[in-house]
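> This note's numbering applies: residue 67 is where the sequence shown begins, and numbers increase by one.
Note that the Cβ used here is the ideal one computed from N, Cα and C, for glycine as well.
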Amino acid sequence: MDKRLLDEDEVMQICFVTDDVVKSAQWFSDLTGKPMPKEGKAADPEEAKATYNGMPAAVGCRIMMFKFGNIDVEFLEPGPEKSAWRDLLEEKGPGCHHIAFRTRNLTKRHEYLESRGHKLLQRGEFDGSHGRYAYYDTVKDLGVMIELLEFDKDKEPQP
Numbered sequence: 067m068d069k070r071l072l073d074e075d076e077v078m079q080i081c082f083v084t085d086d087v088v089k090s091a092q093w094f095s096d097l098t099g100k101p102m103p104k105e106g107k108a109a110d111p112e113e114a115k116a117t118y119n120g121m122p123a124a125v126g127c128r129i130m131m132f133k134f135g136n137i138d139v140e141f142l143e144p145g146p147e148k149s150a151w152r153d154l155l156e157e158k159g160p161g162c163h164h165i166a167f168r169t170r171n172l173t174k175r176h177e178y179l180e181s182r183g184h185k186l187l188q189r190g191e192f193d194g195s196h197g198r199y200a201y202y203d204t205v206k207d208l209g210v211m212i213e214l215l216e217f218d219k220d221k222e223p224q225p
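Written out as structure tokens, the structure reads:
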């Protein structure tokens with residue numbers, strides 16, 4: 067088993083969960099001077115094939131992503147259903163949800179994180195079917211979740 071989390075030496079994204087994605091993104095746009103991004107969404111349930119706490123789940127969210135030279139800042143409004151997004155919003159209120167790292171081998175990184183006691187909370191395919199995400203419970207140790215992002219274009223072969 068690998069003894070590392072990172073494939074690349076960079077943080078790809080930081081995400082803030084909110085109960086009003088447009089209002090939060092507008093505040094951030096006004097603060098930073100960055101233009102308002104287009105609104106995105108989670109993949110439809112048939113495409114996402116999401117799991118939540120080990121069970122199939124139809125989870126949804128609205129997303130607005132600000133692109134910076136070295137990192138993306140994401141604002142995410144969860145749908146009403148139970149999800150890793152909704153759980154943290156209800157437990158802590160609006161705020162930082164996760165930091166995301168890109169991986170070329172989600173299988174190996176999954177084994178590594180679970181071996182360190184960080185349970186997989188939610189996993190699914192991206193809108194557009196070009197990769198996948200996975201959230202791990204690192205809240206007790208880090209204060210936020212860790213998200214791993216795996217893109218099909220640079221994915222390593224996996225069992």
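With distance defined between alpha-carbon atoms, name the residue in Glu213, Glu216, Gln188 nearest to Pro122.
For the residues Glu213, Glu216, Gln188, the minimum Cα distance to Pro122 belongs to Gln188.
> Can you list, in chain order, the stretches of the beta strand (DSSP E) that have 3 or more residues and sit fully within the region 72-154?
With a minimum length of 3 residues, the continuous beta strand (DSSP E) runs that stay inside the region 72-154 are 79-83, 105-107, 127-133, 138-144.
> For the alpha helix (DSSP H) containing Glu180, list its first residue and its last residue.
Looking at the DSSP string, the run of the alpha helix (DSSP H) that includes Glu180 is 172-181.
> Should Trp151 be labelled buried (16 or more other beta-carbon atoms within 10 Å of its own) or exposed?
So Trp151 counts as buried.
> When the Cα of Ile137 is compared with those of Leu154, Pro223, Gln79, which residue comes out closest?
The option with the nearest alpha carbon to Ile137 is Gln79.
> Is DSSP giving Glu213 helix, strand or coil here?
Glu213: strand per DSSP, three-state reduction.
> Spatial neighbours of Lys107 within its chain, please: CB distance less than 8 Å, with the 5 preceding and 5 following residues excluded, ordered by chain position.
Only Gly126, Cys127, Arg128, Ile129, Asp193 meet the Cβ criterion.
> Given a cut-off of 8 Å on the beta-carbon distance, is the pair Glu216 and Arg198 in contact?
The answer is yes: Cβ separation under 8 Å.
> Any idea if Pro144 is buried or exposed, counting beta-carbon neighbours within 10 angstroms, 16 or more meaning buried?
Pro144 comes out buried.
> How far does the beta strand (DSSP E) with Phe167 in it extend, from its first residue to its last?
Residues 161-169.
> Pick out whichever of Glu140, Pro101, Pro111 has its Cα sitting closest to the Cα of Glu147.
Comparing Cα-Cα distances from Glu147 to each of Glu140, Pro101, Pro111, the minimum goes to Pro111.
> Is it right to say Asp153 is buried, meaning 16 or more other beta carbons lie within 10 angstroms of its own, or is it exposed?
Buried is the call here.
> Considering only the beta carbon of each residue, do His176 and Val210 sit closer than 8 Å?
Not closer than 8 Å, so no.
> To the nearest angstrom, how far is it from the Cα of Tyr178 to the Cα of Lys104?
Using only the alpha carbons, I get a separation of about 35 Å.
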